[in-house]
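Number of protein chains: 2
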Amino acid sequence: MGEQKFDKIDSVPVYRLVYDSIERQILAGQLRNGDLLPTETRLAEQFGVNRSSVREGIRLLEQSGFVERKTGKRLQVAIPHFVDVASDVSRALKLHKVTFRELWEASLAIEPVVTRYAAERITSDEIQELRRNIEQMDKAASVNRVVELDIEFHNMLAQAARNRALILAREPISLLFMPAGRAILPKLKTQQRIIDAHRAILQAIEGRDIAGSESWMARHIEDFRRGYERTGLSMDEPLPNA
Amino acid sequence: MGEQKFDKIDSVPVYRLVYDSIERQILAGQLRNGDLLPTETRLAEQFGVNRSSVREGIRLLEQSGFVERKTGKRLQVAIPHFVDVASDVSRALKLHKVTFRELWEASLAIEPVVTRYAAERITSDEIQELRRNIEQMDKAASVNRVVELDIEFHNMLAQAARNRALILAREPISLLFMPAGRAILPKLKTQQRIIDAHRAILQAIEGRDIAGSESWMARHIEDFRRGYERTGLSMDEPLPNA
DNA sequence: ACCAATTTGTCCGTATGTATG
DNA sequence: TCATACATACGGACAAATTGG
Chain L
3 MGEQKFDKID SVPVYRLVYD SIERQILAGQ LRNGDLLPTE TRLAEQFGVN RSSVREGIRL
63 LEQSGFVERK TGKRLQVAIP HFVDVASDVS RALKLHKVTF RELWEASLAI EPVVTRYAAE
123 RITSDEIQEL RRNIEQMDKA ASVNRVVELD IEFHNMLAQA ARNRALILAR EPISLLFMPA
183 GRAILPKLKT QQRIIDAHRA ILQAIEGRDI AGSESWMARH IEDFRRGYER TGLSMDEPLP
243 NA
Chain S
3 MGEQKFDKID SVPVYRLVYD SIERQILAGQ LRNGDLLPTE TRLAEQFGVN RSSVREGIRL
63 LEQSGFVERK TGKRLQVAIP HFVDVASDVS RALKLHKVTF RELWEASLAI EPVVTRYAAE
123 RITSDEIQEL RRNIEQMDKA ASVNRVVELD IEFHNMLAQA ARNRALILAR EPISLLFMPA
183 GRAILPKLKT QQRIIDAHRA ILQAIEGRDI AGSESWMARH IEDFRRGYER TGLSMDEPLP
243 NA
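Heads up: the protein sequence lines correspond to chains L and S, in order. Sequential numbering of the first sequence, starting at 3, is according to the numbering used here. Sequential numbering of the second sequence, starting at 3, is according to the numbering used here.
Structure (structure tokens):
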């Protein structure tokens, strides 16, 4: 007679159970944003496991952005920050050897729309900040500084668009795209082209010219591609360097 | 005479040094995708720290997607999977209480462009899969099944677009957007509308009609909004329910 | 500003189940 | 089958830092 067959049980490690349990409580809203977590010893007691296992579970939560150490060392419940999530995505894209063309196509899809919503929703304070950004770029000495200000300009637009889905969709792309497109170009002529484009975009936004702001941004992004091609680099190779 | 001032040294925990060190080697390419990691004991020896600290560092790597347990238990270097990264983004958006309007605006920006590139680059095999998907939806019995197939249809289009930046930008949005837009609608009439839309999109793609496929998808996404509004739910409230 | 209790970070040793050769 | 190596988990310990009087 045959033996009863049992599927193998892949037992979940205790430290992952700890993680799952606390994650579930956060997702369910039973643990809220600023809440303090019990001490490791107390958690170990409550779960009925060793403190080392609790600590390993906490590391998982830590890397997920679900807990943070504030001033001292006490653990506090948190909600993953957009910046961190975006940089994770960015890192993943880089590791998967994304090409300039992929980034460019994505930017061409997203940035103009972002600009359009920005034109609809921007405040006058935010317009001031954009103006200051352009002025600073006018005086910028190094290529790195220009790239920095460029990223900031586009980020500010995204903020003004009041859409966190778009913010989170574009940020990782922008983080790779703009440095790649820029750091390669010879400094002087490019810088002026960027400034001119930003000025045109800002002017369209100030005039609440929805269609105009969208199409100026599209042209600006197109310009990126031309600049990149002029460097002789292939758009279909993984991004160069770091 | 004044005392020399020193900035406080915020000493980095050993487990984080372990994480940083291994992460750096992966990012630098010294550790590659399938490579086996040394055993915990050996790592502890090499770093000159205790094995417990090594284990905590490994948990950080694990949650980042940089290491994986394959068949046995031996740790293997990995590259974060898109699926995992996307679901992290999705979770973050949900926790930040993103609204239906934000998701809709983002989808309206991205999905039509994705469809456009799909029309340019899709293979005949992929077209077959799309056709099968539509047939299955025709026979689908439950609302959940329809939503499942809908998400799959859009995912397949994204794959066909051959752009990983767009794939990673849209996936987290789609993961929230489509279930939210659909699960609420009464089943019968909606299902037919979706199928008709998908048919029209597929037909445009088959005819390599770039502009047509893009605009059909745009109409399809617009339709989502109308359906959602008809439920009486506010577009500017956080997503309902789960 | 000081003290006492608590807590984290780190270490050590050991037991057990399992995977590999 | 057996032996070895390894990951998981447990227990206990202690110094340094933090917390709360």
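Backbone N, C-alpha and C define an ideal beta-carbon position, used for all residues, glycine too. Please read all numbers here as calculations on a predicted model, not as lab measurements.
Bridge partners of Leu38/L, per DSSP? Gln78/L
Quick one: measure Cβ to Cβ for Ala163/L and Tyr119/L, integer angstroms, because I've assumed they're closer than 8 Å. 4 Å
Just verifying my parser: in three-state terms, what is the DSSP assignment at Thr101/L? strand
Could you work out which residues of chain S lie near His98/L, taking near to mean beta carbons separated by less than 8 Å? Ile81, Phe84, Arg166
Helix, strand or coil, according to DSSP, for Val51/S in the structure here? coil
Inter-residue Cα distance where the pair is Arg227/L and Trp106/L: 7 Å
Just grab the DSSP bridge partners of Arg71/S for me. Leu77/S
Helix, strand or coil, according to DSSP, for Pro181/S in the structure here? helix
List, in chain order, every chain L residue whose beta-carbon is nearer than 9 Å to that of Glu107/S. Val115, Tyr119, Ala163, Asn165, Ala167, Leu168
Identify, in the order they occur along the chain, each residue of the same chain with its Cβ nearer than 7 Å to the Cβ of Met3/L, setting aside the five sequence neighbours on each side. Legend: pLDDT at Met3/L = 40, less than 50; position of this residue unreliable, no value from coordinates given.
Quick check on Val51/L - is its C-beta less than 8 Å from some C-beta in chain S? no
Nearest CA to the CA of Asp152/S: which residue from Ile169/S, His200/S, Ala121/S? His200/S
Residues bridged to Pro240/S (per DSSP): Thr101/S
Between Tyr230/S and chain L, is the shortest Cβ-Cβ distance under 8 Å, so that the two count as touching? no
Quick one: does Leu54/L have its CB under 8 Å from some CB of chain S? First, the amino acid is wrong: residue 54/L is Ser here, not Leu. Yes - at least one Cβ of chain S is within 8 Å of the one on Ser54/L.
Once DSSP output is grouped into helix, strand and coil, what is the label at Gly234/L? coil
Within the continuous alpha helix (DSSP H) that includes Ile28/L, where are the two ends? 16-29
Could you give the distance in angstroms between the alpha-carbon of Gln6/L and the alpha-carbon of Arg71/S? Residue placement at Gln6/L is flagged as unreliable, the pLDDT there being 41, under the threshold of 50; the coordinate-derived value follows with that caveat. So the alpha carbons of these two residues sit roughly 29 Å apart.
Determine, for Asp22/L, whether the minimum Cβ-Cβ distance to residues of chain S falls below 8 Å. no
Under 8 Å by Cβ, that's how I've got Ile169/L and Phe84/L pegged, so tell me the actual separation to the nearest angstrom. 7 Å
Alpha helix (DSSP H) containing His2/L: first to last residue? In the structure displayed, chain L extends from 3 to 244; residue 2/L sits before or after that span and is not available.
Spatial neighbours of Gly234/S in its chain, beta-carbon cut-off 6 Å, leaving aside the 5 residues before and after: none
Pick from Gly67/L, Tyr17/L, Leu77/L: whose alpha carbon is nearest that of Phe49/L? Tyr17/L
Leu178/L versus Leu110/L - alpha carbon distance: 14 Å
Are Ile129/S and Glu42/S close, meaning C-beta to C-beta below 8 Å? no
Local Cβ density within 10 Å of Ser55/L, reported as buried at 16 or more and exposed below that: buried
Output needed for Ala206/S: all residues of its chain with C-beta closer than 6 Å, excluding positions within five of it in sequence on either side, in chain order. Gly214, Ser215, Trp218
Pull up the distance between the alpha-carbon of Asp9/L and that of Arg76/S, whole angstroms please. Here Asp9/L scores only 49 on pLDDT, less than 50, and its place in the model should not be relied on; the value that follows carries that caveat. Distance between the alpha carbons of Asp9/L and Arg76/S is about 22 Å.
Is there a C-beta anywhere in chain S that falls below 8 Å from the one on Val91/L? yes
Give the interface partners of Ile112/S over in chain L, defined as CB-CB distance under 8 Å, in chain order. Ala111, Ile112, Ala171
Verify whether the separation of the beta carbon atoms of Ser176/L and His156/L is less than 8 Å. yes
Chain L partners of Arg227/S, CB-CB under 8 Å? Within chain L, no residue comes near Arg227/S; the closest Cβ sits about 14 Å away, beyond 8 Å.
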